[in-house]
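To convert, note that position 262 of the sequence shown is 262 in UniProt numbering; the numbers rise steadily by one, no gaps.
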Amino acid sequence: MTLLQFYLSKIKSMLWVRPVLLSGAAIFWIIFASLADKRFPEKWTIQIEKETLVDLFTILATTMLTVATFSVSAVASAFASVASSASPRATRIVMSDTGVQSTLASFLAAFIYALVSITALSGFSFGRSGRFVLFVGFVAIVAWVLMSFLRWVDRVSRLGKLGDTLDRVSLAARETLSNPQMVGPLGGRPLSESNHEQSAGLAWFPEKFGYIQYINMEELQKLAEELKTEIVLQVRPGSLVTKNIPIGKLYGGTKPDDEVWRKLQRCLAIDNNRNETTDPRFAMILMAEVADRALSPAVNDPGTAIEVLSIQTELFHIWATNDLDRKVGQADFDRIFAPCIAAEDLVFDAFHPIARDGSAMVEVGMRLQKALWSIMHLDHEDLRQAADGFRQTALEYFEHGLLIESQRQRVRELARRELSRD
Numbered sequence: 001m002t003l004l005q006f007y008l009s010k011i012k013s014m015l016w017v018r019p020v021l022l023s024g025a026a027i028f029w030i031i032f033a034s035l036a037d038k039r040f041p042e043k044w045t046i047q048i049e050k051e052t053l054v055d056l057f058t059i060l061a062t063t064m065l066t067v068a069t070f071s072v073s074a075v076a077s078a079f080a081s082v083a084s085s086a087s088p089r090a091t092r093i094v095m096s097d098t099g100v101q102s103t104l105a106s107f108l109a110a111f112i113y114a115l116v117s118i119t120a121l122s123g124f125s126f127g128r129s130g131r132f133v134l135f136v137g138f139v140a141i142v143a144w145v146l147m148s149f150l151r152w153v154d155r156v157s158r159l160g161k162l163g164d165t166l167d168r169v170s171l172a173a174r175e176t177l178s179n180p181q182m183v184g185p186l187g188g189r190p191l192s193e194s195n196h197e198q199s200a201g202l203a204w205f206p207e208k209f210g211y212i213q214y215i216n217m218e219e220l221q222k223l224a225e226e227l228k229t230e231i232v233l234q235v236r237p238g239s240l241v242t243k244n245i246p247i248g249k250l251y252g253g254t255k256p257d258d259e260v261w262r263k264l265q266r267c268l269a270i271d272n273n274r275n276e277t278t279d280p281r282f283a284m285i286l287m288a289e290v291a292d293r294a295l296s297p298a299v300n301d302p303g304t305a306i307e308v309l310s311i312q313t314e315l316f317h318i319w320a321t322n323d324l325d326r327k328v329g330q331a332d333f334d335r336i337f338a339p340c341i342a343a344e345d346l347v348f349d350a351f352h353p354i355a356r357d358g359s360a361m362v363e364v365g366m367r368l369q370k371a372l373w374s375i376m377h378l379d380h381e382d383l384r385q386a387a388d389g390f391r392q393t394a395l396e397y398f399e400h401g402l403l404i405e406s407q408r409q410r411v412r413e414l415a416r417r418e419l420s421r422d
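Right, dumping it as C-alpha cells:
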C-alpha cells in the first residue's frame, strides 16, 4: 500500500468529505450560471421566469432539509447500533460505506444548491441564459436525489444490522489479508534474515506514543540508500510504540543529521487507534470482537459466533496462501528488515475471545475444533503448529465451561477424531 492509498483509505471513512465536495460542485454550478449570460446565446435556451425558479428552489430547499435531517438521524442511529451489537471499532468500517456517503451528499448538496440559488436570484441579476443554466442544474439534482432516495430506502433497511456489519468487517479483513505486503515484512526483508548484532546500531526512537498505522517503506528505502545503511525495524502496523523504546536501528553508513531524522519520523503514521486496512491482526481482532459480543449473556447468539468462525477459517486460508507466495518472491525494499506476522499471534487474536467467552456452549466448542482442524491441515508449518497448540487451550476452556459431562465428552471426541485424520 502506497502513502497515497493509505491516506485515501482514511479519507474514505470520513463522513463529511463527499458532502463537502458535492456541495462545492453545486456552488460552482451557480457561479457558472452567473457567467452564462455572456457565454451562451439566448437562442440555445428557453425562457424560465425568476419567480418560477424561486418557487422551485424553495420547495427543494424545504424538502431536502427535512430529508437530510432524517437521513443523518438514521445514520447516527445505525452507527450506535453497530457499536452496541458488533464492536465500537467496526463503526469506522461502516462509515466508509460509499453508498451511505453518496446518499447523504446528494441530499445535502441539493439543499445547499437550492438555498444558494435562492440567495443568488434575490441578490443578483440573472439573464435568460443564467436562469436556464440554474434550471438545468435543478432538473439534474432532482433526478439525482430521486435515484439516491430509491437506493437509500433499501440501504437504510440494512444499515446497522449485525449481518450487514459482519459482511463489511469480513470484506475489510479479506482485503487486508489478501495484500502480500501486509501479511509479510511490508515488502522488505524478514527480520529473521538480519545478522546484525542487537547491541550495535543507531537506535531510532518514535516522536510520540500510539499505534503504528502505516510505515512508508518506499521513502525509508530511499533514505537508506542515501545513507548507505540498513534499517532493522522491530515494529509493524498495529504495534504500540512509546518514546522510550526504540522501534528499530540503523546499521552502517552515514550518521543521519537532524533533517534526515525528521524525514525518518515522517515515514511513520502514528495514531491513537489501529487501522484495519494495514493491520491484518486488527482485522482478525474485529472479527473476534463481533463473535465475542454475540456470546455475551445479554445477547446469547452462538449462531453469529459460529458464522464468524467459518469466516475466520477462510481468512486463515487466504493468509496462508499469500504468506507462502510472499516467501518465494523478492523483497521490494532490500535495505529494510521488518517483522512478519507470527502465526501464533494471529491464531490467538482470532480464537481466544471465542474460546474464553463461548466455553459454556457446546456448539461453539465443536465448531471451533473443526476450524482448528481445517487450519492444521493447511500447507503452512507455522500456522499448523499454532493451531495445534491452541487446540489444547480451547479444550481446557470447554472442559471447565461446559456443565454436562456428555457435552464435554462430545468436544473431546470431536477433537480426537479430527486430530486422528492426520
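All C-beta atoms in this analysis are idealised placements derived from N, C-alpha and C, irrespective of residue type, glycine included.
These numbers come from a predicted model, not from an experiment.
Query                                                                                                                                                                                           : Result
Which same chain residues, not among the five before or five after Val183, have their C-beta less than 7 angstroms away from its C-beta?                                                        : Leu177, Pro280, Trp319, Asn322, Asp323, Arg326, Ile341
With distances taken between CB atoms, is the gap from Arg155 to Thr229 smaller than 8 angstroms?                                                                                               : no
If we count Cβ pairs, one from each stretch, closer than 8 angstroms, do we get three or more for the stretch 88 to 108 versus the stretch 157 to 171?                                          : yes
Skipping 5 residues on each side, what residues in its chain have a beta carbon closer than 8 angstroms to that of Glu363?                                                                      : Pro302, Ile306
According to DSSP, is Lys249 helix, strand or coil?                                                                                                                                             : strand
Compute the beta-carbon to beta-carbon distance between residue 424 and Leu191, rounded to the nearest angstrom, for a pair I have assumed lies under 8 angstroms.                              : Not covered by the structure: residue 424. The range shown for the chain is 1 to 422.
Quick check on this structure: which residue in Phe138, Gly99, Pro185 has the alpha carbon closest to the alpha carbon of Phe333?                                                               : Pro185
Which one of His400, Arg274, Leu202, Ser157 has the shortest CA to CA distance from Val241?                                                                                                     : Arg274
Check for me: the beta strand (DSSP E) holding Glu230 runs from which residue to which?                                                                                                         : 230 to 233
At what residue ranges does the stretch 78 to 133 contain a whole run of the alpha helix (DSSP H), taking only runs of 4 or more?                                                               : 91 to 95, 98 to 123
When you compare the CB positions of Val82 and Gly160, do they come within less than 8 angstroms of one another, or not?                                                                        : yes
If we require 4 or more residues per run, which alpha helix (DSSP H) segments fall completely within the stretch 203 to 227?                                                                    : 217 to 227
Rounded to the nearest angstrom, what separates Phe79 and Arg416 at their Cα positions?                                                                                                         : 43 angstroms
Rounded to whole angstroms, what is the Cα-Cα separation between Arg421 and Ala371?                                                                                                             : Residue placement at Arg421 cannot be trusted, given a pLDDT of 49 that sits under 50; the coordinates are not used to answer.
Give every residue of the same chain whose Cβ lies closer than 7 angstroms to the Cβ of Cys267, excluding the five residues on either side of it in the sequence, and list them in chain order. : Ile215, Asn216, Glu219, Leu220
Quick one: what's got a C-beta closer than 6 angstroms to Gln312's C-beta in the same chain, skipping five residues either side?                                                                : Met287, Ala350
Taking the alpha helix (DSSP H) that Phe282 falls in, what are its first and last residues?                                                                                                     : 280 to 294
Considering only residues of the stretch 137 to 201, which uninterrupted beta strand (DSSP E) runs meet the minimum length of 3 residues and lie entirely inside it, listed in chain order?     : none
Assuming Ala283 and Glu289 form a contact by the criterion Cβ under 8 angstroms, report the distance between their Cβ atoms to the nearest whole angstrom.                                      : Not really, about 11 angstroms apart at Cβ, beyond 8 angstroms.
Give me the Cα-Cα distance between Val54 and Leu121, rounded to the nearest whole angstrom.                                                                                                     : 7 angstroms
Name the two residues that bound the continuous beta strand (DSSP E) containing Phe337.                                                                                                         : 336 to 338
Distance, Cα to Cα, Val139 vs Leu21?                                                                                                                                                            : 20 angstroms
Would you identify the three-state DSSP class for Ala331, choosing helix, strand or coil?                                                                                                       : coil
Using the Cα positions of Gln330 and Arg189, report the straight-line distance between them to the nearest angstrom.                                                                            : 9 angstroms
Check whether the Cβ atoms of Ser34 and Phe132 lie closer than 8 angstroms to each other.                                                                                                       : no
Please tell me whether Ile141 and Ala105 are closer than 8 angstroms, where the distance is taken between their beta carbons.                                                                   : no
Grouping DSSP H, G and I as helix and E and B as strand, with all else coil, what is Asp55?                                                                                                     : helix
What residue from Met376, Asp379, Val72, Arg236 has the CA that sits closest to Pro19's CA?                                                                                                     : Val72
Short check: CB of Gln265 to CB of Glu207, under 8 angstroms?                                                                                                                                   : yes
Answer with buried or exposed for Glu129, where buried requires no fewer than 16 other C-beta atoms within 10 angstroms of its C-beta.                                                          : Before going on, a small fix: residue 129 reads as Ser here, not Glu. Ser129 should be labelled buried.
Tell me which residue opens and which closes the beta strand (DSSP E) that Leu268 is part of.                                                                                                   : 268 to 271
Tell me the residue span of the alpha helix (DSSP H) that contains Gly389.                                                                                                                      : 381 to 401
Strictly by DSSP, which residues pair up with Leu240?                                                                                                                                           : Tyr211
Which class does Pro19 belong to by DSSP, given the choice of helix, strand or coil?                                                                                                            : helix
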